[in-house]
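Asks:
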Ligand code: SF4
Ligand code: SF4
Ligand code: SF4
Ligand code: FES
Ligand code: FES
């Protein structure tokens with residue numbers, strides 16, 4: 001703990017840790033000092049002069065955002081001189097600023113508007129013509145209107161410091177100063193929209209949201225991003241059942257305000273015109289539309305036959321369905337239909353890690369650990385591309401705590417910028433390279449190791465063994481691809497273990513077929529695919545009867561006998577578990593008439609089959625998971641309140657023969673996301689798409 | 697691209713004058729010297745200097761656009777800079793500027809068709825005691841009048 005300093009602000013005596021800035025000390029005392037350029041977590045700028053305060057025995061006004069507290073300091077934030085200065089600063093900022101708030105996209109949530117209202121003078125004294133330049137479009141998602149810009153440098157700093165992209169700068173001088181993109185007239189960047197989000201005024205606007213609505217016309221639904229595994233909280237702005245915007249301005253969630261292009265812009269797949277809204281049944285001449293009742297009846301009939309033949313049905317599940325859905329699906333298959341042929345596309349080997357660290361407390365790192373750990377070791381992954389939030393956390397850790405970052409990858413990655421050491425090795429050779437880092441790593445108090453899909457099976461055990469030999473505190477993150485990849489493993493959506501990594505012996509089951517085997521197997525009568533696209537690049541050799549639950553007519557759905565239109569994660573309630581194991585609640589935001597959630601569909605099938613599987617309501621199922629699944633005995637009210645609650649540990653991890661060759665990451669970049677990504681117009685329209693890994 | 701031998705030597709000396717990792721501190725002088733040699737900062741020059749100092753091109757653009765002495769546009773062989781800041785203005789700089797425009801037949805920011813002259817209105821050049829003051833390339837001329845300006849232009853027109 002740093003030492004405490006006593007100071008007085010507006011007559012209130014307060015104590016704050018040494019090094020605190022006056023602007024933050026005041027906030028702790030409940031006193032607001034207006035500011036524009038100051039931004040928590042970014043470097044200090046001192047550009048806007050909005051935060052001027054009087055400090056006793058200092059002749060001039062001081063900027064509270066750059067001034068650290070000192071013992072005995074006396075600060076005043078409400079004297080006539082300060083009030084005058086604020087008015088003057090606002091008048092200055094408004095000299096060339098258009099006064100057309102009613103038509104500005106930011107109206108209603110603009111910091112300049114709020115400040116002018118609160119602290120400004122009613123009239124400006126400038127009579128000169130305003131200096132004007134036309135608005136520019138820098139990319140499909142980023143627009144810039146220089147006259148509205150107050151040159152606070154927030155966008156410049158978030159892009160450089162936060163993202164490590166450094167795509168924005170300031171050109172020219174004086175009133176002609178403006179923000180400029182890295183490629184002259186356009187951007188080449190992550191297209192994350194963080195700059196738009198952080199802009200206090202209407203200077204940077206979003207290509208997808210601008211002029212669509214007013215902020216107060218939307219309802220705001222806090223839910224979890226459906227793309228990568230990092231689990232960003234996103235607040236969806238919804239009007240008439242349609243998602244119009246995604247951001248996380250309230251800085252709730254493990255991601256604070258961070259979102260990458262997928263979380264911020266790619267929700268448009270939800271309202272894609274090709275969304276399926278009616279069940280389809282194959283006839284000799286192709287698909288015909290059918291009612292839900294007819295389709296479910298047909299499916300149940302086939303399922304019943306497969307059950308009677310001794311469970312000759314297989315299920316290929318999804319990494320974007322909820323825990324409740326995955327739990328219910330495996331229950332339906334195992335208990336209801338007597339089959340253990342259940343799998344999904346696995347993208348990382350977590351179970352080997354759980355086996356190797358069995359019985360240890362705190363072997364798995366949380367998202368917060370990435371920000372606090374003194375050392376970070378990245379093995380075989382391009383984090384900035386594949387795990388934007390984790391990369392963002394690690395950069396923040398480096399900025400704020402000088403974390404030592406070590407990178408062992410097959411090619412250049414952005415993390416090299418902040419790395420103490422970067423090693424280039426062929427995939428699979430990562431562990432051999434580690435020895436050269438031994439002395440450095442041994443000197444660290446603690447370390448978080450993140451490993452990608454090239455480290456699996458016995459390599460994971462060797463990794464843990466090697467880290468044990470460092471004799472320091474080590475926690476791990478097994479990198480996985482999708483929003484609920486982790487949940488699919490935890491819920492036992494696999495042929496090798498039960499929910500909570502329990503042994504199959506508990507249900508007297510033999511390991512089932514993995515998804516690739518299911519596609520080849522002679523044994524299956526029925527194949528049930530829920531939210532997966534296994535036939536993207538292959539054809540079935542022998543056709544089992546195929547049921548597909550999907551949003552779109554994917555390659556797999558096209559080959560189905562029955563297609564059932566499913567709802568996306570933005571249309572349902574339930575929970576996701578992030579790659580770092582945080583359990584988070586989804587809330588339905590959009591409505592797509594005709595589609596049903598996978599849980600609803602599965603429960604209709606179960607009902608038709610006359611199976612007694614207990615409740616099929618997401619909240620009740622979460623209760624059941626909480627009671628029965630190892631690792632999920634967490635504080636449910638907290639989850640319901642929107643917090644990210646760490647799961648684990650798993651006291652009873654089965655000894656599993658890991659199917660090493662089936663574990664493979666899809667290697668999505670920032671601009672791809674399997675079949676969902678292809679249906680996002682934004683994601684496919686930016687010039688950086690589809691991007692590539694290991695380009696630095 | 698390569699610059700002249702002398703300039704290359706100067707660049708090497710400049711870059712080595714700063715501690716490793718801080719080479720970018722040489723940016724402004726390098727730009728200025730390169731501009732003196734090439735005439736203006738072409739995209740190739742900017743690219744080259746950015747590469748040598750490992751600074752992103754758009755950061756070099758920030759610097760170039762900030763300093764009015766750095767230019768991306770070709771200038772005349774003689775770049776006439778007329779100060780119209782307060783002291784010079786009180787002593788007739790505005791008339792002087794008007795006169796120069798007429799004589800050269802160009803506006804500020806333009807170059808004469810023969811490429812000999814370009815004209816720029818500048819802020820205080822630190823010669824207020826001797827105003828109106830002008831600067832031609834790096835040379836100062838004090839106590840200017842329209843007549844003195846005419847004579848100067850005539851001389852420069854004849855110069856080889
Ligand atoms: S969209 Fe993201 S990466 Fe691109 S300029 Fe803005 S902050 Fe930087
Ligand atoms: S564009 Fe917005 S964030 Fe960037 S400097 Fe201007 S006002 Fe600030
Ligand atoms: S980092 Fe992952 S979870 Fe976060 S917004 Fe991007 S895709 Fe979504
Ligand atoms: S907030 Fe202090 S100078 Fe901008
Ligand atoms: S005002 Fe002209 S030189 Fe200073």
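Chains as they are written, first to last, in the working numbering: chain A, 1 to 696; chain B, 697 to 856. Here a beta-carbon is modelled for each residue, glycine too, at the ideal position from N, C-alpha and C. For clarity, every value in this text was computed on a predicted model and none was experimentally measured.
1. Among all residues, which have a Cβ less than 6 Å from at least one non-hydrogen atom of ligand 4, and in what chain order do they fall?
2. How far does the beta strand (DSSP E) with residue 685/A in it extend, from its first residue to its last?
3. Can you tell which of 40/A, 71/A, 82/A and 50/A has the C-alpha that lies nearest to the C-alpha of residue 59/A?
4. For the segment 748 to 779 of chain B, enumerate the residues whose C-beta is nearer than 7 Å to any C-beta of chain A, in chain order.
5. Which chain B residues are close to residue 172/A, counting only those with a beta carbon under 8 Å from its beta carbon?
6. Quick one, which residues of the segment 103 to 127 of chain A are near chain B if we go by CB-CB under 9 Å, in chain order?
7. Evaluate the contact criterion for the segment 291 to 307 of chain A versus the segment 602 to 615 of chain A: three or more CB pairs, one atom per stretch, below 8 Å.
8. For a contact meaning CB atoms closer than 9 Å, what does residue 180/A contact in chain D?
9. At a CB-CB cut-off below 9 Å, which residues of chain B make contact with residue 169/A?
10. Give the interface partners of residue 166/A over in chain B, defined as CB-CB distance under 7 Å, in chain order.
11. Just the C-alpha distance for residue 200/A and residue 255/A, rounded to the nearest angstrom, thanks.
12. Would you say residue 200/A touches ligand 2, meaning its beta carbon is less than 7 Å from a heavy atom?
13. Is the beta carbon of residue 410/A within less than 7 Å of some heavy atom of ligand 2?
14. Sort 209/A, 367/A and 287/A by Cα distance to residue 233/A and report the nearest one.
15. Kindly identify the DSSP beta-bridge partner or partners of residue 55/A.
16. In chain order, what are the residue ranges of uninterrupted beta strand (DSSP E) at least 3 long that sit wholly in the segment 700 to 784 of chain B?
17. Please determine, among 820/B, 799/B and 824/B, the residue with the shortest C-alpha to C-alpha distance to residue 813/B.
18. Reducing DSSP to helix, strand and coil, say where residue 352/A ends up.
19. Taking residue 454/A as the reference, which of 559/A, 388/A and 663/A has the closest Cα?
20. So for residue 188/A, helix, strand or coil by DSSP?
21. Quick check on this structure: which residue in 42/A, 66/A, 56/A and 691/A has the alpha carbon closest to the alpha carbon of residue 50/A?
22. DSSP puts residue 180/A in a beta bridge; with which residues?
23. Under the three-state reduction of DSSP, which class applies to residue 320/A: helix, strand or coil?
24. Just checking my contact of residue 515/A with residue 316/A at CB under 8 Å: how many whole Å lie between their CB atoms?
25. For residue 497/A, is the classification buried or exposed, using 16 other Cβ atoms within 10 angstroms of its Cβ as the cut-off for buried?
26. My assumption, with CB atoms under 8 Å, is that residue 577/A sits in contact with residue 484/A. Please give the rounded CB distance.
27. Whose C-alpha, out of 181/A, 172/A and 124/A, is nearest the C-alpha of residue 142/A?
28. Consult DSSP for residue 700/A and reduce its assignment to one of helix, strand or coil.
29. My parser needs the beta strand (DSSP E) runs of 3 or more residues fully inside the segment 437 to 462 of chain A; what are they?
30. Can you pull the DSSP bridge partners for residue 206/A?
31. Please look up how many angstroms separate the CB atoms of residue 564/A and residue 279/A, rounded, as I've assumed it's under 8 Å.
32. Would you list the one or two residues that DSSP bridges to residue 816/B?
33. Could you check whether the Cβ of residue 259/A sits closer than 7 Å to any heavy atom belonging to ligand 3?
Replies: Per the coordinate set shown:
1. 35/A, 36/A, 37/A, 38/A, 46/A, 47/A, 48/A, 49/A, 50/A, 51/A, 63/A and 65/A
2. Not the beta strand (DSSP E): residue 685/A falls in the alpha helix (DSSP H), residues 681 to 685.
3. 82/A
4. 752, 754, 755, 757, 758, 761 and 762
5. Below the 8 Å Cβ cutoff, chain B contributes 761 and 762 as neighbours of residue 172/A, in chain order.
6. none
7. A contact exists between the segment 291 to 307 of chain A and the segment 602 to 615 of chain A.
8. You won't find chain D in this structure, because its protein chains are A and B.
9. 752, 754, 755, 757 and 758
10. Against residue 166/A, the close residues of chain B are 752, in the order they occur along the chain (beta-carbon pairs closer than 7 Å).
11. 20 Å
12. yes
13. No, ligand 2 has no heavy atom inside 7 Å of this Cβ.
14. 367/A
15. 75/A, per the DSSP bridge assignment.
16. 774 to 779
17. 799/B
18. helix
19. Of 559/A, 388/A and 663/A, the residue nearest in Cα terms is 663/A.
20. coil
21. Ranking the options by Cα distance to residue 50/A, first place goes to 66/A.
22. 169/A
23. coil
24. 5 Å
25. With 16 or more other Cβ atoms within 10 Å, it is buried.
26. 6 Å
27. Of 181/A, 172/A and 124/A, the residue nearest in Cα terms is 181/A.
28. Given that chain A is displayed from residue 1 to residue 696, the structure contains no residue 700/A and the question cannot be resolved.
29. 446 to 451
30. 142/A
31. 5 Å
32. 777/B
33. yes
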